[in-house]
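Participant:
Printed below as a string of structure tokens:
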């Protein structure tokens with residue numbers, strides 16, 4: 003599988019050449035987490051109460067490439083939230099197939115770091131702050147054929163699911 007990112011409608015171009023993903027930015031990793039408090043009272047599990055969700059920033063890592071300068075600049079001076087798409091794809095028999103897609107709205111880069119050591123290419127880590135997220139998740143059956151997909155999202159501005 004591969005992970006590709008489209009930052010602000012490809013205004014920052016990456017090195018991807020795969021059909022349908024030209025100029026996207028290749029990522030090495032993608033991380034997102036959620037959590038919420040849920041009461042657990044002995045003898046009263048049917049009436050559990052849950053808090054609003056806590057949603058992490060999206061963290062990504064990548065190798066330094068031609069998108070690096072634009073992303074670094076965005077981390078320093080970006081003030082207008084942008085749209086970011088992140089797709090996790092797999093190679094099909096004839097084409098690249100989307101396995102999962104995330105669309106983040108009103109994105110600002112909240113942290114950016116570079117790490118390098120002798121003998122290897124520099125790597126970058128970024129955290130993306132956003133106000134809305136929508137995930138389009140493609141299921142797969144036991145033969146690894148695409149199954150039914152599910153769209154789910156959350157608007158942090160309104161505190162409501164999408």
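Residue numbers (this note's numbering): 3 to 164. Glycine included, C-beta positions come from ideal geometry on N, C-alpha and C.
As a quick exercise: from 89, 157, 129, 101, pick the residue whose alpha carbon is nearest that of residue 28.
Facilitator: For the purposes of this step, residue 28 is identified with residue 26 of the chain shown, where counting begins at 1. Selected option, being the one with the closest Cα: 89.
Participant: Thinking just about the alpha-carbon of each residue, which of 76, 91, 154 is nearest to the one in residue 131?
Facilitator: The residue labelled residue 131 in the question sits at position 129 within the chain shown. Among 76, 91, 154, the Cα nearest to that of residue 131 is on 76.
Participant: Assuming residue 81 and residue 32 make a contact with CB atoms under 8 Å, what is their CB distance in whole Å?
Facilitator: Here residue 81 corresponds to residue number 79 of the chain shown, with the count starting at 1. Here residue 32 corresponds to residue number 30 of the chain shown, with the count starting at 1. For residue 81 against residue 32, the beta-carbon gap comes to about 25 Å, at or over 8 Å, which does not count as contact.
Participant: From residue 109 to residue 43, what distance separates their C-alpha atoms?
Facilitator: Reading the chain shown from its first residue, position 107 is the one you call residue 109. Reading the chain shown from its first residue, position 41 is the one you call residue 43. Looking at the two C-alpha atoms, the distance is approximately 39 Å.
Participant: My understanding is that residue 101 touches residue 140, with C-beta atoms under 8 Å, so please give their C-beta distance in whole angstroms.
Facilitator: Translated into positions along the chain shown, residue 101 becomes position 99. Translated into positions along the chain shown, residue 140 becomes position 138. Sure, about 5 Å apart at Cβ, within 8 Å.
Participant: Any idea if residue 64 is buried or exposed, counting beta-carbon neighbours within 10 angstroms, 16 or more meaning buried?
Facilitator: For this step, residue 64 is matched to residue 62 along the chain shown. Under this definition residue 64 is a buried residue.
Participant: Return the first residue and the last residue of the beta strand (DSSP E) that residue 64 is part of.
Facilitator: For the purposes of this step, residue 64 is taken as the residue at position 62 of the chain shown. Here the beta strand (DSSP E) through residue 64 covers 60-65.
Participant: Starting from residue 125, follow its DSSP beta bridges and name the residues at the other end.
Facilitator: Translated into positions along the chain shown, residue 125 becomes position 123. Residue 125 pairs with 65, 117.
Participant: Does the distance from the CB of residue 152 to the CB of residue 138 come in under 9 Å?
Facilitator: Along the chain shown, read from residue 1 onward, the residue named residue 152 stands at position 150. Along the chain shown, read from residue 1 onward, the residue named residue 138 stands at position 136. Result yes, Cβ atoms of residue 152 and residue 138 sit closer than 9 Å.
Participant: Which residue wins for smallest C-alpha separation from residue 73, given the options 55, 56, 125?
Facilitator: Taking the first residue of the chain shown as 1, we reach residue 73 at position 71. Of the candidates 55, 56, 125, the one whose C-alpha sits nearest the C-alpha of residue 73 is 125.
Participant: Suppose you measure from the CA of residue 14 to the CA of residue 55; what does that come to, to the nearest Å?
Facilitator: Reading the chain shown from its first residue, position 12 is the one you call residue 14. Reading the chain shown from its first residue, position 53 is the one you call residue 55. Going from the Cα of residue 14 to the Cα of residue 55 covers about 31 Å.
Participant: Answer yes or no: do residue 9 and residue 86 have a C-beta to C-beta separation smaller than 9 Å?
Facilitator: Here the question's residue 9 lines up with position 7 in the chain shown. Here the question's residue 86 lines up with position 84 in the chain shown. Residue 86 sits close to residue 9, with the two beta carbons spaced by under 9 Å.
Participant: Taking the beta strand (DSSP E) that residue 33 belongs to, which residues open and close that run?
Facilitator: What you label residue 33 is simply residue 31 of the chain shown in a count that begins at 1. Unbroken beta strand (DSSP E) run through residue 33: 31-33.
Participant: May I have the straight-line CA-CA distance separating residue 161 from residue 122, to the nearest angstrom?
Facilitator: Start at 1 with the first residue of the chain shown, and residue 161 comes out as number 159. Start at 1 with the first residue of the chain shown, and residue 122 comes out as number 120. About 43 Å.
Participant: Are the CB atoms of residue 57 and residue 34 within a distance shorter than 9 Å?
Facilitator: Along the chain shown, one-based indexing puts residue 34 at 32. Along the chain shown, one-based indexing puts residue 57 at 55. Cβ distance < 9 Å, so residue 34 and residue 57 count as in contact.
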